[in-house]
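Notes for the one structure printed next.
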Amino acid sequence: MKYYRIFTLAIIVIVTITPLTVRAVGIQVSPSKLDVQQTHNSGEAELVVANPTADVLLFEIYPDDFEKEIKANPSSFTLEAGGRKTVKVITRFEKENTFVTNISVVSHALAENKLQTNTGVKIPVTVTASNEPTKNNTLLVIAGLLGAALVAKLLYEHRTKKKNTLS
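Numbered per our numbering, the sequence shown finishes at 158, counting up by one with no gaps.
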């Protein structure tokens, strides 16, 4: 009976103290998925990473696949408690195609006296790579051509008018 009481007391102490000593590392990332429209071998999107914990955390961001074609800038940084950071995801695929992977965002506490756990999320990424100009680029090209034609016409009329006055 004596051992039963000691055992019960030990379990109560462990169950009561354990939640006070273990702190899970948190992470918040938005948006929950990325759709990147890449034109002319380059595309870009943004992620916002937040630290909802009371600890200073180190974050690392990297693609699960296509490490040469997808880069995060910055790829590693620290955030104070409650801090936020915007991360640019840059894509550079040379082939036209649709590429699907995940961006991993992993965090861990910097404090040595804390329980060292890593927390992470995976953000699905779809990159549609195309070398075709977008509608905005097409409109800019058309506007540029019309502007050049107008300037050429004005120069021609000015030159013709000048010749007629000299004659």
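Here a beta-carbon is modelled for each residue, glycine too, at the ideal position from N, C-alpha and C.
Asked: Could you pull the start and end residues of the beta strand (DSSP E) that VAL47 belongs to?; Found: Looking at the DSSP string, VAL47 is not in any beta strand (DSSP E), and its letter there is neither H nor E.
Asked: Sort GLU60, LEU38, ASP46 by Cα distance to ILE52 and report the nearest one.; Found: LEU38
Asked: Taking 7 Å as the limit between beta carbons, can you name the residues of its chain near ILE81, skipping five residues before and five after?; Found: GLU35, LYS62, ASN64
Asked: Could you pull the DSSP bridge partners for ILE81 from this structure?; Found: GLU35, LYS62
Asked: With a CB to CB cut of under 6 Å and the five nearest residues on each side skipped, what residues in its chain are close to THR12?; Found: Residue placement at THR12 cannot be trusted, given a pLDDT of 33 that sits under 50; the coordinates are not used to answer.
Asked: According to DSSP, PRO22 sits in a beta bridge with which residue or residues?; Found: Paired residue(s): none; PRO22 is not in a bridge.
Asked: Does the structure place the segment 134 to 148 close enough to the segment 90 to 100 that three or more beta carbon pairs sit under 8 Å?; Found: no
Asked: How is ALA143 classed by DSSP in three states: helix, strand or coil?; Found: helix
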